[in-house]
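K.L.:
For the sequence shown, my numbering begins at 2 and goes up steadily by one.
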Amino acid sequence: MVRGRILTPQIEARSLMAEELLMLAVLEQAFADLDSGCPAVRADAEAYFLAYDADSSPFSLDSVCAQFHLSPSAIRGEVRKRMRRREAAKQKSLAHAA
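#1: Only counting runs of 3 or more residues, tell me where the beta strand (DSSP E) segments fall wholly within the segment 11–55, in order along the chain.
#2: Output the boundary residues of the alpha helix (DSSP H) element that contains residue 64.
#3: Within 10 Å of its beta-carbon, does residue 95 have 16 or more other beta-carbons around it, so buried, or fewer, so exposed?
#4: My assumption, with CB atoms under 8 Å, is that residue 77 sits in contact with residue 50. Please give the rounded CB distance.
#5: Return the CA-CA distance between residue 48 and residue 15, expressed in angstroms with no decimal places.
#6: With distances taken between CB atoms, is the gap from residue 34 to residue 27 smaller than 8 Å?
#7: If you follow the alpha helix (DSSP H) that residue 73 is in, where does it begin and where does it stop?
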């Protein structure tokens, strides 16, 4: 029987930089704003997630996703599902009220 060491990748743990913490805070707030009772705040959050223009802001969805190796298309898909569910629930409550 041969004994040997199992080789594992050496990944350095690191703390997030202040800019990265801010990027995550922007993303987290945008998710929270999707459930806001204020239509304007909700619309801004939806625009943040669904914007496809070439925004070079370091806080745009595409920039945040690139920094953290996230899929912007997967996030947008989940946001769209959430919006459809909210709209369906709204239609259902309107139908019950009528």
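Don't be surprised by glycine CBs; every beta carbon is placed ideally from N, CA and C.
The model shown is predicted, which means the values in this text are computed figures rather than measured ones.
P.N.:
The short version:
#1: none
#2: 62–69
#3: With fewer than 16 Cβ atoms within 10 Å of its Cβ, residue 95 is classed as exposed.
#4: With 8 Å as the limit, residue 77 and residue 50 qualify as a contact, their Cβ atoms being about 6 Å apart.
#5: 32 Å
#6: Not in contact: residue 34 and residue 27 (Cβ atoms no closer than 8 Å).
#7: 73–98
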